[in-house]
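Single-structure report; data block below.
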Amino acid sequence: MVLGAASLAAGSALSTVARSQAAFPTRPMKLLVPYAAGGGTDAIARLVAQGIGEKLGQSLVVENNGSAGGNLITAQAASSPPDGYTVLLANQGPMVVNPHLFKNVRVDPLTAFDPVTLISDTPLALVVASKSSFQTARDLIDHAKKNNGKLTYGSAGNGSASHLATVLLARTAGFDAVHVPYRGAGPALTDLLAGQTDFMVTTVPSVLGLIEGKSVRLLAVTSPQRTKLFPETPTVAELGWPDYRATAWYGLVVPKGTPEFIVKALRDATVSTINNDTIKERLRNEGAEPIGNEPAAFAEMMRAESRRWAKLVKSANMSI
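What follows is the structure, given as structure tokens:
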């Protein structure tokens, strides 16, 4: 009888777990994005959020907050219940750069979150306003070297991919320029067009429409190889700096301790979304290559990225 009671209890527990797994999600979820609306990160977030929501049968609502380089919304996500209803759009700025760059980061993102999957990896674009006198990347870099510290560049925020890629470019090519951080690529590009800054390195999705509309001039891309979107545009590496490489990546993470079945549900929905022919084509048309790796592989990639950018932050004596 005792054994029978134990078996019934175990069966009841398993049934409860099965019901809880089958029930997720039962209400709308939030996707927190550590950059302002209108930029490349936001574009990827909204594209993927729609697909995930459709796959899971509940909306995944995007919320943007680029304050403090994305640190505030990252801390908010880390302190949220680990129940799958709060997801963070992971990007190298808040996840692997800010802990080395900022003095007051409240959480260690690499230990505060469980990885879900890497969504995509994309090159960045070196651009100037169409009215700029710089016709090529060489023109811009040569001028920057001759007028050291006089040019200005905008970024999507301190520690963002655009910020770090520009610092890496300046150190690799041997010049200094004045950094003007914004709360996302959108407002930074607005000021670039208005002539408030001289150049910008930014994600392809954030600037693609401006390139196609000839509002900005594309000078180079930051990936090791040319992108299919702009086959005639050289890479920075081709221009004489073969070791230069900077890309922007996007993934999903959830608060530490989120049940594995929820992580799997979110990953499965994400992978299904980015492998949909229409979504895949849209991602590739914006320069992003769909990935969808396993959580362990994503975690290892973030650790490697943290080590890589920590060296740049330290060598450049960067601190906020």
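In the working numbering, the protein residues as written are 193 to 512.
Note that the Cβ used here is the ideal one computed from N, Cα and C, for glycine as well.
Q | Helix, strand or coil at Leu402 according to DSSP, with G and I counted as helix | A | As a first step, residue 402 is located in the sequence shown; it is residue number 210 there, counting from the start. Leu402: helix per DSSP, three-state reduction.
**Q.** Where Glu478 falls, given that 16 or more other Cβ within 10 Å makes a residue buried
**A.** What you label residue 478 is simply residue 286 of the sequence shown in a count that begins at 1. Glu478 should be labelled buried.
Q. Where does Glu497 sit, in a helix, a strand or coil, going by DSSP?
A. What you label residue 497 is simply residue 305 of the sequence shown in a count that begins at 1. In the structure shown, Glu497 sits in a helix (DSSP, three-state: H, G or I).
Q) What's the C-alpha gap between Pro434 and Leu223? A) Within the sequence shown, numbered from 1, the residue matching residue 434 stands at position 242. Within the sequence shown, numbered from 1, the residue matching residue 223 stands at position 31. When rounded, the distance between both Cα atoms is 37 Å.
Q) Which full runs of the alpha helix (DSSP H) of 4+ residues lie inside the stretch 238–271, going along the chain? A) Runs of alpha helix (DSSP H) with 4 or more residues, each lying fully within the stretch 238–271, are found at 263–270, listed in chain order.
Q. Buried or exposed: Lys342, going by 16 or more other Cβ atoms within 10 Å of its Cβ?
A. The sequence position of residue 342 within the sequence shown is 150, counting from 1. Exposed: under 16 other Cβ atoms inside 10 Å.
Q: With DSSP as the reference, label Ser312 as helix, strand or coil.
A: Start at 1 with the first residue of the sequence shown, and residue 312 comes out as number 120. Ser312 falls in the strand class under three-state DSSP.
**Q.** Per-residue burial, Asn257 [other beta carbons within 10 Å of its own, 16 or more giving buried]
**A.** Walking along the sequence shown from the start, residue 257 turns up at place 65. Buried: at least 16 other Cβ atoms inside 10 Å.
Q.
I'd like the list of long-range same chain contacts for Val308, defined as Cβ closer than 8 Å, with 5 residues on each side in sequence excluded.
A. Walking along the sequence shown from the start, residue 308 turns up at place 116. Cβ neighbours of Val308 beyond the five flanking positions: Val279, Gly443, Leu444, Val445, Val446, Val455, Leu458, Arg459, Thr462, Pro487 and Phe490.
Q) What distance in whole Å lies between the Cβ atoms of Leu504 and Ala412, which are believed to be in contact at a cut-off of 8 Å? A) Sequence index remark: in the sequence shown, residue 412 carries index 220 (1-based). Sequence index remark: in the sequence shown, residue 504 carries index 312 (1-based). About 19 Å separates the beta carbon of Ala412 from that of Leu504, a gap too long to meet the 8 Å contact definition.
Q. From Thr208 to Phe305, what does the alpha carbon distance come to, in whole angstroms?
A. For this step, residue 208 is matched to residue 16 along the sequence shown. For this step, residue 305 is matched to residue 113 along the sequence shown. Confidence in Thr208 is poor, its pLDDT being 42 and thus under 50, which makes the residue's placement unreliable; the coordinate value appears in the next sentence. The alpha-carbon atoms of Thr208 and Phe305 are separated by roughly 26 Å.
Q.
What ranges does the alpha helix (DSSP H) occupy inside the stretch 409–478, keeping only unbroken runs of at least 4 residues that lie completely in it?
A. Taken in chain order, the complete alpha helix (DSSP H) segments of 4 or more residues contained in the stretch 409–478 are 452–466 and 469–477.
Q | Host beta strand (DSSP E) of Val372 (start-end) | A | Translated into positions along the sequence shown, residue 372 becomes position 180. Unbroken beta strand (DSSP E) run through Val372: Val370 to Pro373.
**Q.** Coil, strand or helix - Lys342 by DSSP
**A.** Within the sequence shown, the letter at position 150 stands for residue 342. Residue state, collapsed to three classes: coil.
Q | Per DSSP, the bridge partner or partners of Ala282 | A | Here residue 282 is taken as the residue at index 90 of the sequence shown, counted from 1. Gly443, per the DSSP bridge assignment.
Q | Cα-Cα separation, Leu384 to His355 | A | If you number the sequence shown from 1, residue 384 lands on position 192. If you number the sequence shown from 1, residue 355 lands on position 163. Leu384 and His355 have their C-alpha atoms spaced approximately 15 Å apart.
Q.
Starting from Thr395, trace the beta strand (DSSP E) in both directions and tell me its first and last residue.
A. Residue 395 sits at position 203 when you count from the first residue of the sequence shown. Note, Thr395: beta strand (DSSP E), Phe391 to Thr395.
**Q.** Length of the line joining the Cα atoms of Ile512 and Ala357
**A.** Counting from one through the sequence shown, the residue named residue 512 turns up at place 320. Counting from one through the sequence shown, the residue named residue 357 turns up at place 165. Whole-angstrom Cα-Cα distance: 17 Å.
**Q.** Best match in Thr314, Thr382, Glu452 and Ser312 for proximity to Tyr345 [C-alpha to C-alpha]
**A.** Translated into the one-based positions of the sequence shown, residue 345 becomes position 153. Per the Cα distances, Thr382.
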